[in-house]
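Here's the structure, in structure tokens; my notes come after.
In this note's numbering, the protein residues as written are 207 to 333.
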């Protein structure tokens with residue numbers, strides 16, 4: 207931890223390690239987004255076509271709610287993907303891992319847990 211307090215940026219080899227982590231997270235996030243998109247475009251597998259009309263209204267409401275929830279998950283996933291892509295740009299610019307509030311180096315442990323972060327815990331807690 208002592209050495210990180212004097213460093214002003216991560217080395218190229220350290221940045222490569224974070225880039226690999228980000229690329230893996232990006233790949234799995236895009237897969238998840240594709241799965242959400244597929245579930246939105248496919249018809250309800252638990253259809254109620256053969257049941258009494260009384261239940262149809264309840265089913266329609268439930269299906270609408272489910273689609274709204276999937277849409278929210280997809281929007282959140284898109285935002286996460288954008289944050290990961292922005293982190294990759296910061297790696298290319300060699301500014302990755304530097305807190306945008308304090309200018310200090312964000313600890314590796316935090317970056318491994320939240321690789322798209324732009325804040326140290328100190329700065330995050332002040333928000």
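The C-beta atom is built at its ideal place from N, Cα and C for all residues, glycine as well.
Small disclaimer: the values here were computed from a predicted structure and weren't measured.
Within the continuous alpha helix (DSSP H) that includes residue i, where are the two ends?
i, result
"residue 310", "It is not in any alpha helix (DSSP H) - residue 310 carries neither H nor E in the DSSP assignment."
"residue 231", "218-247"
"residue 331", "327-332"
Name the one or two DSSP bridge partners that residue i has.
i, result
"residue 335", "Nothing can be reported for residue 335, as the shown portion of the chain is limited to 207 through 333."
Among the candidates the options, whose CA atom is the shortest distance from the CA of residue i?
i, options, result
"residue 321", "222, 247, 213, 214", "222"
"residue 276", "245, 309, 314, 302", "245"
"residue 328", "305, 224, 314", "305"
"residue 283", "214, 333, 237", "237"
So, helix, strand or coil for residue i, using DSSP?
i, result
"residue 215", "coil"
"residue 270", "helix"
"residue 174", "Residue 174 is absent from the model: the chain starts at 207 and stops at 333."
Hey, would you say residue i sits closer than 7 Å to residue j, going by beta carbons?
i, j, result
"residue 298", "residue 325", "no"
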